[in-house]
Each structure stands twice: as structure tokens, then as C-alpha cells.
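Novice: Can you keep this structure in mind? I'll have questions shortly.
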Amino acid sequence: MGYYLTIGAVLGLSAGFAPGPLLTLVISETLQHDIRSGIRVALAPVVTDVPIILLTLLVLSKLSAFHGILGFISIAGGFFILSMGYESVRTKGFDLQFRDKEKRSLRKGILANMLSPHPYLFWFSVGAPMMTKALDAGLMAPAAFVAGFYACLIGAKIALAVVVGSSRSFFRGELYVWTMRLLGAVLMGLALLLFRDGLALLGFFAGSVP
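Every letter in the sequence shown is one number past the one before it in numbering that gives the first Met the number 0, and letter 102, counting from 1, is 101.
Pasting the structure below:
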């Protein structure tokens, strides 16, 4: 269970700190209104991701006997995580420039997250396969993965809303840059594990990640 909790936490932190539509909206709300507005936007994944998770789990449950398909999905997930890691490693900071002064809300955060391709790509290629595999260790393992992921994803965005409420310079500072680079290196390591799982499912060699 600890393994899946750790994997979920690392993926959640990486997604939480990474620049993207939802993080931009969190920061925009914080700067234009207050920290509580940013926190409300940060909570959007709690609402939007549940149907995505259920849908991807349903699809993968129908494919559980097709190891070849699952192998290709795992490899695709590896490339997705690898690209996330690469973007994190090469980060040079996050430019805070906003022109839109329209008042935002949790509803806008939900819309932004629903229209972003990242949650769908993540849960289909990485999240749901990881949860399906975790079921072999019992119900607590996938629950630990989801808990670690969302605690760190939402926690990271809330923490950034609080920090940006005090200092714009944080996102161009060394602490943010090196945090992203460290997370990027860890993501690249996780990508290699997904590649190994995918190749094992395709029959290239025996064994898989515990």
C-alpha cells in the first residue's frame, strides 16, 4: 500500500506544481481577488475527475484479458509521464501575466479542468492502469494511490495560492525551479517503470513492478 501511496503522491505533486490552465486560473484568482478564491478553483479536480476515473476503470476492466492492449496503454502512459518529466526538468519558471479581469469561481475552475486534455490522458494511460494493478494488493492499495494523488495535487495548488498571495517572485525563484526539476527527474524514473510493465505485458520479458 505504501508503494502506491508514494507513487500517487509524487504524481500529484508533479501535476499540482506544473504550469497549466488550472494552475494559471488558481493564481489569477488569487492575484485578482483573494486566496480563498484561488483555493476554490484548486478544488475543481474533486468534482471533475470522478466521472473520468469511473469511465477509464470501466473501459480497462473490459480489456483486462487483453494483455497486448494493456501493454500498449502502459507504454503510452510511460511516454506521457516522460513528457511531463521532461517539461518539469527544463522549467525556467512560470510567467505571471494576466489580462482577464473577469471574476472567476469554482464553476470556472471546473470548466477549465473538464476542457483540459490532461486529466483524460493521465487517467486513461497512467492513473486507471495503476489502480487496476493495485487491486491485486487489495482495495486499500488503489485507495491509497487516489488519496496520495489528490491530497498532493490539491494541496500543492492550495499551497501555491497561499504563496502567490504573498509573493509573485516565487514562481521565477530558484526554489520553484529546482523543485520542478527534481520532480521531473522522479517522473522520468516512473516512466521507465511503466515502460517495463508495458513490455512485460507484451511478452518481451517476465516480471512487473510490484
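Glycine included, every Cβ here is placed at the ideal spot set by N, Cα and C. Note that the structure is predicted; figures quoted are calculated from it, not measured.
(1) With burial defined as no fewer than 16 other Cβ atoms inside 10 Å of the residue's Cβ, what is the status of Glu-173: buried or exposed?
(2) Do Gly-37 and Glu-28 count as a contact pair if the criterion is CB distance below 8 Å?
(3) Terminal residues of the continuous alpha helix (DSSP H) containing Pro-118?
(4) Give every residue of the same chain whose Cβ lies closer than 6 Å to the Cβ of Ala-111, excluding the five residues on either side of it in the sequence, and list them in chain order.
(5) Can you tell me whether Lys-91 is buried or exposed? The criterion is at least 16 other CB atoms within 10 Å of its CB, across all chains shown.
(6) Under three-state DSSP, which class holds Ser-87?
(7) Output the distance between the C-alpha atoms of His-66 and Leu-198, rounded to the nearest integer angstrom.
(8) Where do the N-terminal and C-terminal ends of the alpha helix (DSSP H) with Ser-36 fall, by residue?
(9) What's the gap between the Cα of Val-163 and the Cα of Leu-30?
(10) Compare the beta carbon distance of Tyr-3 and Pro-128 with 8 Å and say whether it is the shorter of the two.
(11) What residue from Leu-192, Leu-181, Ala-160 and Tyr-175 has the CA that sits closest to His-32's CA?
(12) Out of curiosity, what's the CA-to-CA distance linking Ala-190 and Ser-165?
(13) Would you mind sorting Pro-209 into buried or exposed? The rule is 16 or more other CB atoms within 10 Å of its CB.
(14) Within a Cβ cutoff of 8 Å, which residues of the same chain sit near Val-185, ignoring the five residues on either side of it in sequence?
(15) Which of helix, strand or coil does DSSP assign to Pro-141?
Specialist: Short version:
(1) Here residue 173 is taken as the residue at index 174 of the sequence shown, counted from 1. Exposed, because fewer than 16 other Cβ atoms sit within 10 Å of the Cβ of Glu-173.
(2) As a working note, residue 28 is residue 29 in the sequence shown. As a working note, residue 37 is residue 38 in the sequence shown. Yes, the pair counts as a contact, with Cβ atoms nearer than the cut-off.
(3) As a first step, residue 118 is located in the sequence shown; it is residue number 119 there, counting from the start. In the DSSP annotation of this structure, the continuous segment of the alpha helix (DSSP H) that includes Pro-118 starts and ends at 117–121.
(4) Position 112 of the sequence shown, counting from 1, holds the residue named residue 111. Sequence-distant Cβ neighbours of Ala-111 in its own chain, meaning closer than 6 Å and more than five residues away, are Pro-20, Leu-21 and Leu-24.
(5) Mapped onto the sequence shown, residue 91 falls at position 92. Label assigned to Lys-91: exposed.
(6) Indexing the sequence shown from 1 puts residue 87 at position 88. Three-state DSSP puts Ser-87 in a helix.
(7) In the sequence shown, counting from the first residue as 1, residue 66 sits at position 67. In the sequence shown, counting from the first residue as 1, residue 198 sits at position 199. Approximately 10 Å between the Cα atoms of the pair.
(8) Numbered from its first residue, the sequence shown carries residue 36 at position 37. Its alpha helix (DSSP H) spans residues 34–41.
(9) As a working note, residue 163 is residue 164 in the sequence shown. As a working note, residue 30 is residue 31 in the sequence shown. Rounded to the nearest angstrom, the two C-alpha atoms are 7 Å apart.
(10) The residue labelled residue 3 in the question sits at position 4 within the sequence shown. The residue labelled residue 128 in the question sits at position 129 within the sequence shown. It is not a contact, given that the beta carbons lie outside the stated cut-off.
(11) Locating residue 32 in the sequence shown gives position 33, where the first residue counts as 1. The residue with the shortest Cα to Cα distance from His-32 is Ala-160.
(12) Along the sequence shown, one-based indexing puts residue 190 at 191. Along the sequence shown, one-based indexing puts residue 165 at 166. In this structure, the alpha-carbon of Ala-190 lies about 35 Å from that of Ser-165.
(13) Numbered from its first residue, the sequence shown carries residue 209 at position 210. For Pro-209, the predicted model reports a pLDDT of 44, less than 50, meaning its position is unreliable; a value from the coordinates is still stated below. Here Pro-209 is exposed, its C-beta having fewer than 16 other C-beta atoms within 10 Å.
(14) Along the sequence shown, read from residue 1 onward, the residue named residue 185 stands at position 186. Within the same chain, Val-185 has close Cβ partners Val-9, Ser-13 and Gly-84.
(15) Sequence index remark: in the sequence shown, residue 141 carries index 142 (1-based). Three-state result, Pro-141: helix.
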